[in-house]
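K.L.:
Line by line, the protein sequences are chains C and P.
Residues 1 to 114 (this note's numbering) are what the first sequence spells out, left to right.
Residues 1001 to 1110 (this note's numbering) are what the second sequence spells out, left to right.
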Amino acid sequence: DSGVTQTPKHLITATGQRVTLRCSPRSGDLSVYWYQQSLDQGLQFLIQYYNGEERAKGNILERFSAQQFPDLHSELNLSSLELGDSALYFCASSGDSSPLDEQFFGPGTRLTVL
Amino acid sequence: LAKTTQPISMDSYEGQEVNITCSHNNIATNDYITWYQQFPSQGPRFIIQGYKTKVTNEVASLFIPADRKSSTLSLPRVSLSDTAVYYCLVPNTNAGKSTFGDGTTLTVKP
């Protein structure tokens, strides 16, 4: 158990819909990372927040957005969903903002878009 | 961002030493090399990190030659439970990004 929690574990929805994935980092960690893992694209870095502020951006689509709240939990919002958005979405946390810090990954949310 | 190249897959047998090599030709001076392990349907888990020469912990060793254009993750005496995907990544401290490559799928056979 990494100490990072993600909800929900599974999510099934239809194309065009909007969903919110939630992540609670390890106690004391200030950074939260979001990754997307689909079968054909491996693990893709989406975005990082550090202490409430956006720190780094990866291959995140405009239909996707994220935020980190004062209690440090984070949410990833996915809108206008497409079939290709079906994937495992991982959240990771680390103590500091540097990508050198060990990242602790949550169990993931499996999103299925029908 | 330093791009990494690893073999797509490797097979081994229980008890053998496994070496997985990663190429990162355009690694920057202040970049480190980090390895993660991922089991199916689980998030990746940190294994080891190094800058140069050799780093060893209770799980693995990491060998980095002087030019730092490649690195080798060494897993001593693997068991069936070491079957996983192993990712080499070079976190870019300037851009603040961590880019995982395609990883190496290691299959350990009895």
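The beta carbon of each residue, even a glycine, is placed where N, CA and C say it ideally should be.
Keep in mind the model is a prediction, meaning the values are calculated, not measured.
Our contact map puts Arg-1068(P) next to Lys-1052(P) with C-beta atoms below 8 angstroms; I'd like the distance itself, whole angstroms only.
P.N.:
Correct: roughly 6 angstroms between the Cβ atoms.
K.L.:
According to DSSP, is Ser-1071(P) helix, strand or coil?
P.N.:
strand
K.L.:
Helix, strand or coil, according to DSSP, for Leu-100(C) in the structure here?
P.N.:
coil
K.L.:
Quick one: is Pro-99(C) near chain P, going by C-beta distance under 7 angstroms?
P.N.:
yes
K.L.:
Answer yes or no: do Ser-98(C) and Cys-23(C) have a C-beta to C-beta separation smaller than 7 angstroms?
P.N.:
no
K.L.:
So, helix, strand or coil for Asp-990(P), using DSSP?
P.N.:
Since the first residue of chain P shown is 1001 and the last is 1110, residue 990(P) is not available in this structure.
K.L.:
Would Tyr-50(C) and Ser-31(C) be called neighbours here (beta carbons separated by less than 7 angstroms)?
P.N.:
yes
K.L.:
Within the same chain, show all residues whose beta-carbon is closer than 6 angstroms to that of Val-976(P), passing over the 5 residues directly before and after it, in chain order.
P.N.:
Given a span of 1001 to 1110 for chain P in the structure shown, any question on residue 976(P) remains unanswerable.
K.L.:
So which residues of chain C does Gly-1015(P) contact, with C-beta pairs closer than 7 angstroms?
P.N.:
Against Gly-1015(P), chain C offers no close residue; the least beta-carbon distance is about 29 angstroms (beta-carbon pairs closer than 7 angstroms).
K.L.:
For Ala-1028(P) and Phe-69(C), I'd like the C-alpha separation in whole angstroms.
P.N.:
Across the structure, Ala-1028(P) and Phe-69(C) are spaced so that their CA atoms are roughly 34 angstroms apart.
K.L.:
How big is the Cα-Cα spacing for Thr-1107(P) and Ala-66(C)?
P.N.:
Rounded to whole angstroms, Thr-1107(P) to Ala-66(C) spans 36 angstroms at the Cα level.
K.L.:
To the nearest whole angstrom, what separates the beta carbons of Gly-106(C) and Gln-6(C), a pair I think is in contact under 8 angstroms?
P.N.:
4 angstroms
K.L.:
Identify the contact partners of Tyr-1032(P) in chain C, using a Cβ-Cβ distance below 7 angstroms as the criterion.
P.N.:
Leu-100
K.L.:
Select from Pro-1110(P), Ser-1041(P), Gly-1101(P) and Leu-1089(P) the residue whose C-alpha is nearest the C-alpha of Trp-1035(P).
P.N.:
Scanning Pro-1110(P), Ser-1041(P), Gly-1101(P) and Leu-1089(P) for the CA closest to the CA of Trp-1035(P) turns up Leu-1089(P).
K.L.:
For Thr-1099(P), decide whether its Cβ has a neighbour in chain C, counting only Cβ atoms nearer than 7 angstroms.
P.N.:
yes
K.L.:
Counting only Cβ pairs nearer than 7 angstroms, list the residues of chain P close to Leu-30(C).
P.N.:
Here the premise fails: no neighbours, minimum Cβ distance about 14 angstroms.
K.L.:
What first and last residue would you give for the beta strand (DSSP E) that runs through Ala-66(C)?
P.N.:
64-68
K.L.:
Hey, could you find the ends of the beta strand (DSSP E) Ile-60(C) is sitting in?
P.N.:
Looking at the DSSP string, Ile-60(C) is not in any beta strand (DSSP E), and its letter there is neither H nor E.
K.L.:
Return the residue from the list Ser-1023(P), Thr-1083(P) and Phe-1100(P) that minimises the CA-CA distance to Pro-1065(P).
P.N.:
Ser-1023(P)
K.L.:
Which residues in the same chain have their Cβ closer than 8 angstroms to the Cβ of Glu-102(C), if we skip the five residues on either side of it in sequence?
P.N.:
Ser-94
K.L.:
Please classify Ala-14(C): is it buried, with 16 or more other beta-carbons within 10 angstroms of its beta-carbon, or exposed?
P.N.:
exposed
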